[in-house]
Amino acid sequence: EAQVTQNPRYLITVTGKKLTVTCSQNMNHEYMSWYRQDPGLGLRQIYYSMNVEVTDKGDVPEGYKVSRKEKRNFPLILESPSPNQTSLYFCASSLPPSGGSYNEQFFGPGTRLTVL
Amino acid sequence: EDQVTQSPEALRLQEGESSSLNCSYTVSGLRGLFWYRQDPGKGPEFLFTLYSAGEEKEKERLKATLTKKESFLHITAPKPEDSATYLCAVQASFQKLVFGTGTRLLVSP
Numbered sequence: 002e003a004q005v006t007q008n009p010r011y012l013i014t015v016t017g018k019k020l021t022v023t024c025s026q027n028m029n030h031e032y033m034s035w036y037r038q039d040p041g042l043g044l045r046q047i048y049y050s051m052n053v054e055v056t057d058k059g060d061v062p063e064g065y066k067v068s069r070k071e072k073r074n075f076p077l078i079l080e081s082p083s084p085n086q087t088s089l090y091f092c093a094s095s096l097p098p099s100g101g102s103y104n105e106q107f108f109g110p111g112t113r114l115t116v117l
Numbered sequence: 760e761d762q763v764t765q766s767p768e769a770l771r772l773q774e775g776e777s778s779s780l781n782c783s784y785t786v787s788g789l790r791g792l793f794w795y796r797q798d799p800g801k802g803p804e805f806l807f808t809l810y811s812a813g814e815e816k817e818k819e820r821l822k823a824t825l826t827k828k829e830s831f832l833h834i835t836a837p838k839p840e841d842s843a844t845y846l847c848a849v850q851a852s853f854q855k856l857v858f859g860t861g862t863r864l865l866v867s868p
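These protein sequences, in sequence, are chains A and B. Heads up: the first sequence begins at 2 in the numbering used here, then just goes up one per residue. Heads up: the second sequence begins at 760 in the numbering used here, then just goes up one per residue.
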């Protein structure tokens, strides 16, 4: 089954304790992104990657790191989490655009993070 | 600044009562407008992509339309299983997808 998986699905941690949220897709997609979803603000892009070793900042990258060492995996790293990073996080993947037309993104099930 | 505004924030319908959801956008160069459905506790699920004004797409009870300034998601004779949050997003530039805050739809039997 074609899917994007995220782990963990739920995480409660404390301020300053480094954590990693994993993301993996089995569709051989070049493009991957991380979003956070907050009430009243919608989905906002944190980082994106166009292929292995190619990443760039989205709209809200502060406090986050990413890496893309393999095509299928795109982990999100919070080196020193703070309470304002409490949110619902989604990983997504897609094929690259073709003929100027962008393709839909496939989203993972989400990771609910609480930072105390 | 690229912006997407969805209205209404919430909508309650009786089963069979047709209605429309609105997505207004301002973007420097539209490279695609996307509609997603999101159920509680789940990730967004793709519904439609529209690329140019005048384009329409249909899927079961849903029909999406696009003008130069807005898109509508028409829901015909909705059923309770259509209850969800519907998200609109515009592809504003390379790899930048701007989302609206969504419309929460509740369809009562």
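We treat Cβ as the ideally placed atom computed from N, Cα and C, and that holds for glycine. Note that the structure is predicted; figures quoted are calculated from it, not measured.
- Within chain B, 795, 797, 801, 802, 803, 804, 805 have C-beta atoms less than 9 Å from the C-beta of residue 108/A, given in sequence order.
- Between residue 848/B and residue 798/B, the C-beta spacing is not below 7 Å.
- Scanning chain A for C-beta atoms nearer than 9 Å to the C-beta of residue 855/B yields 46, 49, 59, 60, reported in chain order.
- Here residue 52/A carries a strand assignment [DSSP, helix/strand/coil].
- In the structure shown, residue 761/B falls within a coil segment according to DSSP collapsed to helix, strand and coil.
- Between residue 71/A and chain B, the shortest Cβ-Cβ separation is not below 7 Å.
- Per DSSP, the unbroken beta strand (DSSP E) holding residue 89/A starts and ends at 88-95.
- A distance below 7 Å separates the beta carbons of residue 802/B and residue 109/A.
- Chain-ordered, the chain A residues with CB closer than 8 Å to the CB of residue 790/B read 98, 101, 102, 103.
- Contact between residue 773/B and residue 852/B does not hold, since their C-beta atoms are separated by about 41 Å, which reaches or exceeds 8 Å.
- One Cα belongs to residue 29/A, the other to residue 771/B, and the distance between them is close to 40 Å.
- Comparing alpha carbon positions, the residue from 825/B, 784/B, 767/B, 831/B closest to residue 811/B is 825/B.
- Excluding the 5 residues flanking it on each side, residue 781/B has same chain C-beta neighbours closer than 7 Å at 765, 766, 829, 831, in chain order.
- In the structure shown, the three-state DSSP call for residue 829/B is strand.
- Chain-ordered, the chain B residues with CB closer than 9 Å to the CB of residue 91/A read 802, 803.
- Around the beta carbon of residue 861/B, a 10 Å sphere encloses 16 or more other beta carbons of the protein chains shown; the residue is thus reported as buried.
- The stretch 832-839 of chain B makes no contact with the stretch 23-38 of chain A; the number of CB pairs closer than 8 Å stays below 3.
- Along the stretch 31-42 of chain A, going in chain order, the ones with a CB nearer than 9 Å to a CB of chain B are 32, 34, 36, 38, 40, 41, 42.
- The C-beta of residue 813/B comes no closer than 7 Å to any C-beta of chain A.
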